[in-house]
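In the working numbering, the protein residues as written are 385 to 690. From the three backbone atoms N, C-alpha and C, an ideal C-beta is built for every residue, glycine too. Note that the structure is a prediction, hence the values are computed from the model and not measured.
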């Protein structure tokens, strides 16, 4: 049987498929588009959910707004023997459901997990050294992910706090907009460090209110992921934040980012979530102001007042 099946033919899905194929795994990539960058000895492109479901380890790599539809289509072809993980940074809808919630709702799979941490699409695609985190309550999921992805160029760390990793990944995507905005607005290293520290502390409180462990947000899947944003000028959220700080409209900033930014619809939902649970979400309120075109000086003042 194939070792790994990846569902999603976008940049992230292709990068994950290429990373797994470098370990010697037989990889199936479910994609509705042509993939000219994949060589004949790389992942095999398939067009059928039944075909990709031949793999025991399945990786969901689609946007959060498409995850439920993709899982519903996949659910008829898998059973409890499958291990299903995802690399999605978003949360679904007003209820802020994690993708692992959706896996349980739409498929028979129960051994689920998520990928997170500082690794970026271009690092995976090009095989440059990096690290990522696998979150799951199931040791067999950790073992399968490590076997499928760990190589000399990629280190896989694990955590049992699946919910924490999913929320950390989603919240870091929001905070990365703030990092880009602050850098473009002229924040130096000291100011940026203070901003990141306060932002991560605020995000940890929000994540705990959602049922996560605070240490996950403070670890590689949260703090480490956000620190990597400082050096990743091409990260879509950072590009978006910088464009907004230059006075671009949100539509213009999205065009510059080129890829879907999960954080745009998520930020106001996180603000509402924090208010409903009486958690200090001031940093996310400041991020919402950024999306609405707030002036850099006023926004930075608001972020530090949080």
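(1) Determine the DSSP secondary structure at residue 535, reduced to helix, strand or coil.
(2) Counting only the same chain and skipping the five closest in sequence on each side, list residues whose C-beta sits under 8 Å from that of residue 407.
(3) Please tell me whether residue 635 and residue 600 are closer than 8 Å, where the distance is taken between their beta carbons.
(4) For the alpha helix (DSSP H) containing residue 422, list its first residue and its last residue.
(5) Could you check whether the region 616 to 636 touches the region 548 to 561, counting it as contact only if at least three pairs of C-beta atoms, one from each stretch, sit closer than 8 Å?
(6) Is it buried or exposed, residue 642, if we count other Cβ atoms within 10 angstroms and call 16 or more buried?
(7) Less than 6 Å between C-beta atoms, sequence neighbours within five positions excluded: which residues of the same chain meet that for residue 680?
(8) Closest to residue 397 by CA distance: which of 413, 388, 589 is it?
(9) Within the region 489 to 557, note down every full alpha helix (DSSP H) run reaching 4 residues or more, in order along the chain.
(10) Who pairs with residue 468 in a beta bridge, going by DSSP?
(11) Quick one: Cα of residue 547 to Cα of residue 415, how far?
(12) For residue 481, does the three-state DSSP call read helix, strand or coil?
(13) Can you give me the C-alpha to C-alpha distance between residue 500 and residue 553, rounded to a whole angstrom?
(14) Can you tell me the Cα-Cα spacing of residue 659 and residue 490, whole angstroms?
(15) For residue 614, which of helix, strand or coil comes out of DSSP?
(16) Given a threshold of 16 other Cβ atoms within 10 Å of its Cβ, counted over all protein chains shown, does residue 448 qualify as buried or as exposed?
(17) Quick one, which of 519, 587, 633 has its alpha-carbon nearest residue 470's?
(18) Tell me whether the beta-carbon of residue 582 lies closer than 8 Å to the beta-carbon of residue 664.
(19) Taking 8 Å as the cut-off, does the region 421 to 441 touch the region 472 to 482 (at least 3 CB pairs, one atom from each stretch)?
(20) Between residue 466 and residue 440, how many whole angstroms is the CB-CB distance? I'm expecting something under 8 Å.
(21) Round the Cβ separation of residue 388 and residue 411 to the nearest angstrom and send it over; I've been treating them as touching at under 8 Å.
(22) Between residue 452 and residue 444, what straight-line distance do the alpha-carbon atoms span, to the nearest angstrom?
(23) Rank 459, 391, 671, 651 by C-alpha distance to the C-alpha of residue 564 and give the top, closest one.
(24) Residues in the same chain with beta-carbon distance under 7 Å from residue 592, minus the five sequence neighbours each way, listed in chain order, please.
(25) In this structure, how does DSSP classify residue 579 when only helix, strand and coil are distinguished?
(26) Assuming residue 516 and residue 496 make a contact with CB atoms under 8 Å, what is their CB distance in whole Å?
(27) Closest by CA to residue 627, which one among 650, 682, 674, 584?
(28) Determine the direct distance from the alpha carbon of residue 505 to that of residue 395, and round the result to whole angstroms.
(29) Buried or exposed: where does residue 685 fall if 16 or more other Cβ atoms within 10 Å of its Cβ makes it buried?
(30) Assuming residue 610 contacts residue 584 (C-beta within less than 8 Å), just tell me the rounded distance between them.
(31) Since I believe residue 576 is in contact with residue 567 (beta carbons under 8 Å), could you give me their beta-carbon distance rounded to a whole number of angstroms?
Let's see:
(1) strand
(2) 531, 532, 533, 534, 535
(3) no
(4) Here residue 422 belongs to no alpha helix (DSSP H), and DSSP marks it neither H nor E.
(5) yes
(6) exposed
(7) 569, 629
(8) Comparing Cα-Cα distances from residue 397 to each of 413, 388, 589, the minimum goes to 413.
(9) 505 to 510, 523 to 533
(10) 442, 496
(11) 28 Å
(12) strand
(13) Across the structure, residue 500 and residue 553 are spaced so that their CA atoms are roughly 6 Å apart.
(14) 30 Å
(15) coil
(16) buried
(17) 519
(18) no
(19) no
(20) 6 Å
(21) 5 Å
(22) 10 Å
(23) 671
(24) 598
(25) helix
(26) 17 Å between Cβ atoms; not a contact.
(27) When 650, 682, 674, 584 are compared, the shortest CA-CA separation from residue 627 is found for 674.
(28) 7 Å
(29) exposed
(30) Correct: roughly 6 Å between the Cβ atoms.
(31) 7 Å
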